[in-house]
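So the structure is just underneath, and the comments pick up after that.
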Amino acid sequence: MVGVHEVDGVVRSRLFAAWALLAVGCTVWMWLAPGDEVVPFHLVWIGFALAYGFEAWPLRPTIVSLAAVTLATGAILVRRAATGVIAWEETSEILLMLLLAALVIWHVQRRDAALDAVTLLAERDAESSAQRVRLARLTSHEMRTPLTISLGYVELILARPVEPDLREELEVLHDELGRLARASDRLLRMIRLGQPLERSAVDVDALLQETARRWSTVAQRNWVVRSEGGTVSASAERLRACLDTLIENAVRHTAEGDVVLLHGSRTADHLWLTVADSGPGLDADLVAAVNGRRPHEAHLAEHAGADGLGARTGLGITLVQEIVETRGGRVVAGRSHLGGALVLLVVPAEIPHADDEQGTTSTGPAAVVRPVGDLEIEAARWADLSPDPPPGTAAALEREEGSPHPG
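With this note's numbering, letter number 17 in the sequence shown gets 12, and the count goes up by one each step, no holes.
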């Protein structure tokens, strides 16, 4: 028996309805046009092959429909052969077309089975990846607590009078524990950067102020925030993770008392977020790589630090660049007015949804998203951030070619 749900699914298919109308029309044509049965007969089966190739219908209703069409058209052909209108050899096409339809059904069923298998594998892979992410997050959190406690105990011991040799060993231990803690934080940020986008209304100015306050408790720098970014629809967690990655690079290459600047601004279509410092600046090769003049891999292989995390900040910027560019943004590197590094994130401006304004999150597309693509950096706006020409201009390319590359 053909299932009720299967019949309902076939009947609701527009392609099936179109083919059924074609089959009925061609059958009537065959009946009304003795001697001209070949064209309408073949149109029925051509129409079936095309429609079923685009949309596979449930198997049993399809077989029943084909049987009905075969009986109707076959009866007409047999009658025409019996009355001498066509030769009996023409009736062999009844079985040939039925065989062709069976081959089409077999091929489409195999294709759909293969697609189902691939979909299942993709779902399993996604679930496995999610489990690995959860495990990495849990492991990183579990590492962070004992590391924090250990650092606290070492700092407590260092605050007391201790022998010079012991103090030296404790300072080495403190440095290594600090490296582990930073690696744990970095792992958590990488996990957050790769998570699905959850968009909400984000106050960019407040986000930059909060980020500066948070970092000022762990790094004695002169923190400066200048922002007129307003409110955008974005993932606050992802923006925070990108900023933290760039700020960590700035802190690593500056000393106590150096300036770290966080800057935010808006154009009609884009949000500009900048992290700049008064340190030694970025390597010329890295600047060229980030701005699209040289491959990242060669630079990272040459300058990766002993801990494998890119001692000259290459890996952190590259990670941020991959995340930003996959979402329609752009990352630009250069020299700041402070004399040190400058990293600019340009992301499409997204107008907050009404739901976003109420504090709910959304994983769908934004109301208005304008991709950055090969955005030409505005010279006047860039001049507020850097004394050098905007990246991509002839003057900037000439300066890059003439820049000495550290060995």
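No residue lacks a Cβ here, since even glycine has one placed at the ideal position from N, Cα and C.
Arg233 counts as buried, since at least 16 other C-beta atoms from the protein chains shown sit within 10 angstroms of its C-beta.
In this chain, the alpha helix (DSSP H) harbouring Thr68 covers 54 to 77.
According to the DSSP secondary-structure assignment, Val254 is paired through a beta bridge with Asn217. In the structure shown, Gly259 falls within a strand segment according to DSSP collapsed to helix, strand and coil. Excluding five sequence positions before and after Gly173, the CB atoms of its chain that fall closer than 7 Å to its own CB belong to Leu146, given in chain order. Ala154 and Glu251 have their C-alpha atoms some 20 Å from each other. Between Val319 and Leu339, the CB-CB gap reaches or exceeds 7 Å. Closest in alpha carbon position to Val326, among Arg208, Met138, Leu241, is Leu241.
Within its own chain, the residues whose Cβ lies closer than 8 Å to the Cβ of Glu223, once the five positions on either side in sequence are excluded, are Asp200, Gly259, Ser260, Arg261, listed in chain order.
In terms of CA proximity to Ile100, Arg55 leads the group Thr206, Arg55, Leu115. Counting along the chain, no alpha helix (DSSP H) covers His332, and no H or E run does either.
If you check the CB distance, Gly335 and Gly276 come in under 7 Å. With fewer than 16 other Cβ atoms inside 10 Å of its own Cβ, Trp83 counts as exposed.
Counting along the chain, Asp280 sits inside the alpha helix (DSSP H) bounded by residues 279 to 285. Burial of Ile71 is indicated by the presence of at least 16 other C-beta atoms within 10 angstroms of its C-beta.
Residue pairing for His248: DSSP places it in no beta bridge. Per DSSP, the continuous alpha helix (DSSP H) segment holding Asp200 begins and ends at 199 to 211. In the displayed model, Leu90 falls within a helix according to three-state DSSP. Annotation for Ala51: no alpha helix (DSSP H) segment contains it, and DSSP assigns it neither H nor E.
Arg221 and Leu257 have their alpha carbons spaced roughly 6 Å apart. By the Cβ rule, the stretch 205 to 213 does not count as touching the stretch 160 to 179, because fewer than three pairs are nearer than 8 Å. When Cβ pairs closer than 8 Å are counted between the two stretches, the stretch 61 to 68 is seen not to touch the stretch 115 to 122, the count staying below three. Sequence-distant Cβ neighbours of Arg376 in its own chain, meaning closer than 8 Å and more than five residues away, are Ser260, Thr262, Trp267. Rounded to the nearest whole angstrom, the CA to CA distance from Glu85 to Ala76 is 8 Å.
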